[in-house]
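Participant:
2 protein chains.
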Amino acid sequence: MAFDAQTTRDAPLSDAALAQLFTEARTRNGWTDRPVPEALLRSLYDLTKFGPTAVNNTPARFVFVTSPEAKARLVPLMAEGNQAKTAQAPVTVIIGQDLDFPDHLPKLFPHAPGAKDWFADEAMRRESAFRNASLQGGYFMIAARALGLDVGPMSGFDPAGVKAEFFAGTNVEPNFIVNLGYGNDDNLFPRSPRFTFEEASQVL
Amino acid sequence: MAFDAQTTRDAPLSDAALAQLFTEARTRNGWTDRPVPEALLRSLYDLTKFGPTAVNNTPARFVFVTSPEAKARLVPLMAEGNQAKTAQAPVTVIIGQDLDFPDHLPKLFPHAPGAKDWFADEAMRRESAFRNASLQGGYFMIAARALGLDVGPMSGFDPAGVKAEFFAGTNVEPNFIVNLGYGNDDNLFPRSPRFTFEEASQVL
Chain A
2 MAFDAQTTRD APLSDAALAQ LFTEARTRNG WTDRPVPEAL LRSLYDLTKF GPTAVNNTPA
62 RFVFVTSPEA KARLVPLMAE GNQAKTAQAP VTVIIGQDLD FPDHLPKLFP HAPGAKDWFA
122 DEAMRRESAF RNASLQGGYF MIAARALGLD VGPMSGFDPA GVKAEFFAGT NVEPNFIVNL
182 GYGNDDNLFP RSPRFTFEEA SQVL
Chain B
2 MAFDAQTTRD APLSDAALAQ LFTEARTRNG WTDRPVPEAL LRSLYDLTKF GPTAVNNTPA
62 RFVFVTSPEA KARLVPLMAE GNQAKTAQAP VTVIIGQDLD FPDHLPKLFP HAPGAKDWFA
122 DEAMRRESAF RNASLQGGYF MIAARALGLD VGPMSGFDPA GVKAEFFAGT NVEPNFIVNL
182 GYGNDDNLFP RSPRFTFEEA SQVL
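Note that the protein sequences, when read in sequence, are chains A and B. Per our numbering, residue 2 is the first one in the first sequence, and the count goes up by one each step. Per our numbering, residue 2 is the first one in the second sequence, and the count goes up by one each step.
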């Protein structure tokens, strides 16, 4: 479907949709055994990929860990407090960034044939990969909720171990890891406080 | 409103909602003169703030640049190709990360009184601030679309200049900058190619 410009896309979604995406959504620490079909993972990717990134560099790479064999490789690399829930979740997703993203810019950003050369500086390349893969991680989690899934993101794991086990021989580095499925209320934290608008924002 | 656990939140949003958030949404380079009321900016923050971050550290800070005076301070710090559209957009948002986020963890993450001390290492603190503020930037842009707004994110600006002009005397650093409003089709790129599922993902 396509929108008529400035007619149908300028209205807010329903309160129920906003609740599903943001206001009532919660990080889940317990998971039902309801499976997540691969078709749904593909739909999730097909939403995520459209989120904006700098020069469309889309550096995020996604490893969907679903089989018992793959889970057995990942779980020991998680921080102790993250192991049981990672073992329980039907899917655990390793989100990484490909530091070789400039190699793909002739395909991804055909408007500017020289874009590949804008990232010759390694620190700048690393910063852009990290920023944009993190943005894509944000899109990914909201897209998962938009598809009715729950998420449980985690930074507590052994990055060098995950790199060696899942990204050997590539220039992809792990960024963060997300449990994915249909959550339950086990070990659900009370909602933590948030900053007020004035504490985190200003209008100039 | 609240969901009954595992009953109503497990269904996908409508195709129209998914189109507004992802599949038909486009980065905008031209803007109508329709204003964005401050109440809508506050609603946008009140969605964004609920997105998940590590230990709820919510390091992102948002400067909503709306007045002609504030725009005049920002526009010269943008890359040349970003100046005209930044001048035209009704709102331009500077998204930064507060490297002093650990100071707020006793309030933001009361479950773990020692969380403040988990970020004593400066490199780790900086990495967590950058990752989580970028995630929040992703939530912010999808939340904007959920409220009917368009976004135009940009990395092309003078970071040291923006830091000095808008975050002097703080430990906040700029991450990226977003034009916000109701876009039109001026200077709209053709949709760039995206990686296929197989190119960016694997299922193990």
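Glycine residues also receive a C-beta, built at the ideal position from the N, C-alpha and C atoms.
Which parts of the segment 148–179 of chain A are runs of the alpha helix (DSSP H), unbroken and 4 residues or longer, counting only runs that do not cross its ends?
Facilitator: 160–167
Participant: Using a 10 Å radius around the Cβ and a threshold of 16 neighbouring Cβ atoms, would you call residue 192(A) buried or exposed?
Facilitator: The residue is exposed, with fewer than 16 neighbouring Cβ atoms inside 10 Å.
Participant: Short check: CB of residue 51(B) to CB of residue 195(A), under 8 angstroms?
Facilitator: It is a contact, given that the beta carbons lie within the stated cut-off.
Participant: With 9 angstroms as the limit, tell me which residues of the segment 172–188 of chain A have their beta carbon closer than that to any beta carbon of chain B; keep them in chain order.
Facilitator: 176, 177, 183, 184, 185 and 186
Participant: So with Cβ pairs under 8 angstroms, would you call residue 139(B) a contact of chain A?
Facilitator: yes
Participant: Let's see if you can read the secondary structure: which residues bound the alpha helix (DSSP H) around residue 89(A)?
Facilitator: 81–89
Participant: Over what stretch of residues does the alpha helix (DSSP H) that includes residue 93(A) continue unbroken?
Facilitator: Segment 92–99 is the beta strand (DSSP E) holding residue 93(A); no alpha helix (DSSP H) there.
Participant: Measuring CB to CB, does residue 64(A) end up less than 8 angstroms from residue 203(B)?
Facilitator: yes
Participant: Kindly indicate the opening and closing residues of the beta strand (DSSP E) around residue 62(A).
Facilitator: 61–66
Participant: Only counting the same chain, and skipping five residues up and downstream in sequence, which positions put a Cβ closer than 8 angstroms to that of residue 188(B)?
Facilitator: For residue 188(B), the CB contacts under 8 angstroms within the same chain, skipping 5 residues up- and downstream, are 30, 31 and 86 in chain order.
Participant: Taking 7 angstroms as the cut-off, is the CB of residue 69(A) close to at least one heavy atom of the ligand ZN?
Facilitator: For the structure depicted, the ligand ZN is absent and the ligand set is empty, with no information on it obtainable.
Participant: Identify each residue in the segment 107–140 of chain B for which the Cβ-Cβ distance to at least one residue of chain A is less than 9 angstroms, and report them in chain order.
Facilitator: 108, 109, 110, 111, 112, 128, 129, 131, 132, 133, 134, 135, 136, 137, 138, 139 and 140
Participant: Check the DSSP bridge columns for residue 119(B) and list the partner residues they point to.
Facilitator: Beta-bridge pairing links residue 119(B) to no other residue.
Participant: Does any C-beta atom of chain A lie closer than 8 angstroms to the C-beta of residue 79(B)?
Facilitator: no
Participant: When you check each C-beta in the segment 13–24 of chain B against every C-beta of chain D, which residues fall closer than 9 angstroms?
Facilitator: Annotation note: the requested chain D is absent from the structure, which comprises protein chains A and B.
Participant: When DSSP labels each residue in this structure, what does residue 135(A) get in the three-state scheme?
Facilitator: helix
Participant: Specify the secondary structure class of residue 1(A) as computed by DSSP and reduced to three states.
Facilitator: Outside the shown range of chain A, which is 2 to 205, sits residue 1(A), and nothing can be said about it.
Participant: If you compare alpha carbons, which of 83(B), 163(B), 66(B) and 33(B) is closest to residue 42(B)?
Facilitator: For the set 83(B), 163(B), 66(B) and 33(B), the Cα lying nearest the Cα of residue 42(B) is the one of 66(B).
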